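Here the protein sequences come in this chain order: A and B. Under the numbering used here, think of the first position of the first sequence as 56, with each following residue one higher. Under the numbering used here, think of the first position of the second sequence as 56, with each following residue one higher. Notes follow the structure.
Number of protein chains: 2
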Amino acid sequence: MPSSNERSSSRQALIDAAKSLMIERGSIEVSLSEIAQRSGLNSALVKYYFGGKQGLLLALLEDVLGPSMRQMEGLLTMDVPSVEKLKLHVKGIINIYFRYPFVNRLIHYLFEDQQAGEKVAETISRPLAKTQRSLIEQGIAEGVFKPIDPKLVYFIVLGACDHLFFGTQMLRIAFGVEGVDDDLRRSYTDTLLELLLNGMTVDKPPVERGGPRVRLL
Amino acid sequence: MPSSNERSSSRQALIDAAKSLMIERGSIEVSLSEIAQRSGLNSALVKYYFGGKQGLLLALLEDVLGPSMRQMEGLLTMDVPSVEKLKLHVKGIINIYFRYPFVNRLIHYLFEDQQAGEKVAETISRPLAKTQRSLIEQGIAEGVFKPIDPKLVYFIVLGACDHLFFGTQMLRIAFGVEGVDDDLRRSYTDTLLELLLNGMTVDKPPVERGGPRVRLL
Numbered sequence: 056m057p058s059s060n061e062r063s064s065s066r067q068a069l070i071d072a073a074k075s076l077m078i079e080r081g082s083i084e085v086s087l088s089e090i091a092q093r094s095g096l097n098s099a100l101v102k103y104y105f106g107g108k109q110g111l112l113l114a115l116l117e118d119v120l121g122p123s124m125r126q127m128e129g130l131l132t133m134d135v136p137s138v139e140k141l142k143l144h145v146k147g148i149i150n151i152y153f154r155y156p157f158v159n160r161l162i163h164y165l166f167e168d169q170q171a172g173e174k175v176a177e178t179i180s181r182p183l184a185k186t187q188r189s190l191i192e193q194g195i196a197e198g199v200f201k202p203i204d205p206k207l208v209y210f211i212v213l214g215a216c217d218h219l220f221f222g223t224q225m226l227r228i229a230f231g232v233e234g235v236d237d238d239l240r241r242s243y244t245d246t247l248l249e250l251l252l253n254g255m256t257v258d259k260p261p262v263e264r265g266g267p268r269v270r271l272l
Numbered sequence: 056m057p058s059s060n061e062r063s064s065s066r067q068a069l070i071d072a073a074k075s076l077m078i079e080r081g082s083i084e085v086s087l088s089e090i091a092q093r094s095g096l097n098s099a100l101v102k103y104y105f106g107g108k109q110g111l112l113l114a115l116l117e118d119v120l121g122p123s124m125r126q127m128e129g130l131l132t133m134d135v136p137s138v139e140k141l142k143l144h145v146k147g148i149i150n151i152y153f154r155y156p157f158v159n160r161l162i163h164y165l166f167e168d169q170q171a172g173e174k175v176a177e178t179i180s181r182p183l184a185k186t187q188r189s190l191i192e193q194g195i196a197e198g199v200f201k202p203i204d205p206k207l208v209y210f211i212v213l214g215a216c217d218h219l220f221f222g223t224q225m226l227r228i229a230f231g232v233e234g235v236d237d238d239l240r241r242s243y244t245d246t247l248l249e250l251l252l253n254g255m256t257v258d259k260p261p262v263e264r265g266g267p268r269v270r271l272l
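Here's what the structure looks like:
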C-alpha cells in the first residue's frame with residue numbers, strides 16, 4: 056500500500072496530467088493511457104484512486120472548481136453590496152473558463168450519465184445556483200435589482216460566460232480570432248457585466264417614479 | 056440513375072431521418088445505418104447525395120437553419136426599429152433551439168473540422184454576425200443603443216440562447232425540470248430580452264446627463 060503522502064501525490068499527479076492534456080488539446084478526449092504516460096504512473100492507479108475514469112473526471116472537476124466554489128460561498132456571507140457580488144461572481148466564472156476552457160464540455164459530458172450528473176449537480180450546479188439566487192435576493196431586498204427568476208439567470212449567465220470559450224473553433228474560423236487572450240477576456244467580461252447590470256438593476260428616473268433616487272452603479 | 060423527383064425526395068428523406076433521430080435522442084450521435092433504416096433507404100445513398108456523413112450533416116444544418124437565415128436577412132432591409140428587430144432576432148434564435156435542440160452541438164461538432172467549419176462559418180456564423188452587426192449599427196444610429204462590440208454580443212446572445220437547450224440534462228438533474236416546455240421557452244425569451252434591451256439601450260436619467268429624455272422601450 057502506498058503511504059498517505061505518496062497516495063496524495065500520485066492522486067494529484069493523475070489529476071494534473073488529465074488537466075494539462077485537456078488544456079493543451081482544448082478537448083476532453085483524453086485516454087487513460089495518455090494520462091498514465093503523462094503522469095509517469097500506471098493507468099491501473101486510476102481505478103485504485105478514483106474507481107475509474109468517470110471518478111477521475113469528477114475529481115478533476117472538483118480540483119479545478121472547488122477553490123472557486125468555496126470562495127464564492129464565502130463571498131455570500133460577506134457584507135458587500137449585491138452589485139459588487141454579482142461582478143465578482145461573473146468575473147470568477149469567466150476566469151475559470153479562461154484558465155480551464157474544457158470545463159464546460161466536461162460538465163456537460165458528466166451530465167450525460169445520471170450518477171455522475173447527480174454528483175456534479177450536488178457539488179457544482181446547485182451550490183452555484185444557490186449563490187446566484189442568494190445574491191439576486193439580496194439585490195432585490197436592497198431595492199437595486201428587479202425581480203427576476205434566478206433559474207433563468209443561471210442559464211443566461213453561464214451560457215454567455217462559456218460560449219466564448221466553448222466556441223474557440225468558431226471564433227477562429229468564423230471571426231479570424233486566434234483564441235481568447237487577456238484583452239478579449241477583459242472586454243468580454245466588461246460587456247457582459249454591463250449588459251447584466253443594466254438589465255437587472257432597477258431603473259428609477261425620478262421624473263417617472265418619484266421617491267429617492269438610488270445610486271445604481 | 057434516379058429521376059430528379061426521386062433524387063430530391065430521397066435526399067430529403069435522409070435529412071429528415073437524421074433530423075428526427077437527433078430530436079428523439081437529444082443527441083447528434085446517430086449512425087449512418089440508423090439513418091438508412093429510419094429513411095428506408097440504402098446508406099450508400101448518403102455518399103451518393105452528400106459525399107459522406109459530414110455532407111449530410113451540413114445539409115441537415117442548412118435544412119433546419121436556412122429558412123430562418125433568409126427570413127433574418129429579409130428582416131434587415133425592412134423599415135422596422137432596431138429594438139423590434141433585436142426582439143424578432145432573439146425570439147427567432149430561441150425558437151430554432153426549441154424546435155431543434157441538437158443544432159448547437161451539431162454546429163460545434165462541424166467546427167471541429169476545418170473544412171466543415173469554414174462551410175458553417177460561411178453559411179451560418181458570418182451571416183448571423185452580419186445581421187447582428189447591422190441591427191446594432193442601426194440602433195446606435197437611431198440613438199437607441201449604446202456603442203457595443205457586435206462580436207461580443209454575438210457570443211453573449213448565442214451562448215445565452217443555447218444554454219437552456221444545450222443543458223437539458225443539467226436542467227433535469229440539477230433543477231428537476233423535465234425539458235423546456237412552451238412556458239419556460241417564453242419566460243426565458245422574455246427575461247433574456249429584458250436583460251439585453253435594458254443593457255443595450257441608452258439610459259439617460261435627466262438629472263445626471265441632462266438633455267431630452269429618450270423613451271426607451
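A virtual CB, placed ideally from N, CA and C, is assigned to each residue, including glycine. Keep in mind it's a predicted model, so treat the numbers as computed, not measured.
By how many angstroms is the C-alpha of Ser65 of chain B removed from the C-alpha of Glu167 of chain A?
33 Å
Per DSSP, what kind of secondary structure is Thr132 of chain B in: helix, strand or coil?
coil
Under the three-state reduction of DSSP, which class applies to Phe230 of chain A: helix, strand or coil?
helix
If you measure from the beta carbon of Thr246 of chain A to each beta carbon in chain C, is any gap under 8 Å?
Of the chains in the structure shown, none is chain C; the protein chains are A and B.
Three-state secondary structure (DSSP) at Phe200 of chain A?
strand
Return the chain-ordered ranges of every beta strand (DSSP E) run that is complete within the region 99-173 of chain A and spans a minimum of 3 residues.
none
Looking only at its chain, what residues have a beta carbon closer than 7 Å to the beta carbon of Gly265 of chain A, apart from the 5 residues adjacent to it on each side?
Unreliable placement is indicated for Gly265 of chain A, whose pLDDT of 41 sits below 50; no coordinate value is reported for it.
Could you tell me the distance, in whole angstroms, from the CA atom of Leu100 of chain A to the CA atom of Ile90 of chain B?
40 Å
Chain B partners of Ala72 of chain A, CB-CB under 8 Å?
Here the premise fails: no neighbours, minimum Cβ distance about 23 Å.
Do Leu131 of chain A and Leu213 of chain A have their CB atoms nearer than 8 Å?
No.
Give the range of the alpha helix (DSSP H) segment to which Glu249 of chain B is assigned.
Glu249 of chain B: member of the alpha helix (DSSP H) spanning 237-255, first to last residue.
For a test of the three-state rule: what should DSSP assign to Ser82 of chain A, helix, strand or coil?
coil
If you pair each beta-carbon of the region 197-207 of chain A with each one of the region 131-140 of chain A, do three or more pairs fall below 8 Å?
yes
What's the C-alpha gap between Asp204 of chain A and His144 of chain A?
17 Å
Can you list, in chain order, the residues of its chain whose CB lies under 8 Å from that of Gln187 of chain A, leaving out five sequence neighbours each side?
His144, Pro205, Val208, Tyr209, Val212
In chain B, which residues lie less than 7 Å from Lys206 of chain A when you measure between Cβ atoms?
Phe230
Could you tell me which chain B residues have their CB closer than 7 Å to the CB of Gln187 of chain A, listed as they occur along the chain?
Against chain B, a Cβ distance below 7 Å from Gln187 of chain A picks out nothing, because the smallest value is about 12 Å.
Output, in chain order, the set of chain B residues within a Cβ distance shorter than 9 Å of Leu219 of chain A.
Leu207, Phe210, Ile211, Gly214
Looking only at C-alpha atoms, which of B:Asp238, B:Ala184, B:Ile162, B:Gly254 sits nearest to Gly110 of chain B?
Nearest C-alpha to Gly110 of chain B: B:Ile162.
State buried or exposed for Thr256 of chain A, treating a residue as buried only when at least 16 other CB atoms are found within 10 Å of its CB.
buried
Got a sec? Which residues, its chain only, sit under 8 Å from Ala171 of chain B by beta carbon, not counting five neighbours each side?
For Ala171 of chain B, where only same-chain residues beyond five positions count, the Cβ hits under 8 Å are Gln109, Leu112, Leu113, Leu165.
Confirm the yes/no value for this check: CB of Gly95 of chain A, any heavy atom of the ligand MN, distance under 7 Å.
Here there are no bound small molecules, and the ligand MN is not part of this structure.
Rounded to a whole number of angstroms, what is the C-alpha to C-alpha distance between Leu252 of chain B and Leu248 of chain A?
Answer to the nearest angstrom: the Cα atoms are 14 Å apart.
How long is the line joining the alpha carbons of Ile179 of chain A and Ser98 of chain B, rounded to whole angstroms?
43 Å
On the CB-based measure, 16 or more other CB atoms within 10 Å of its CB, does Ser242 of chain B come out buried or exposed?
exposed
Less than 8 Å between CB atoms is the rule here; does Gly222 of chain B satisfy it with respect to chain A?
Interface residue, yes.
Name the chain A residues that come within less than 7 Å of Gly254 of chain B, Cβ to Cβ?
Glu249, Leu250, Leu251, Asn253, Gly254
With H, G and I counted as helix, E and B as strand and the rest as coil, what does DSSP make of Leu96 of chain A?
coil
Can you tell me which of the three DSSP states Asp258 of chain A falls into?
coil
Would Lys174 of chain A and Leu115 of chain A qualify as a contact pair, given that the criterion is a beta-carbon distance under 8 Å?
no
Measuring only between beta-carbons, confirm whether Tyr152 of chain A sits less than 8 Å from chain B.
no
Using only the alpha-carbon positions, how far apart do Ile195 of chain A and His218 of chain B sit?
When rounded, the distance between both Cα atoms is 25 Å.
Within 10 Å of its beta-carbon, does Gln224 of chain A have 16 or more other beta-carbons around it, so buried, or fewer, so exposed?
buried
Kindly list the residues whose CB is nearer than 6 Å to the CB of Phe157 of chain A, restricted to its own chain and excluding five residues on each side of it in sequence; keep chain order.
Met77, Ile83
Check whether the Cβ atoms of Val235 of chain B and Phe221 of chain B sit closer than 8 Å, and answer yes or no.
no
Of all the options B:Arg160, B:Asp118, B:Leu87, which has the alpha carbon lying nearest to the alpha carbon of Gly81 of chain B?
B:Arg160
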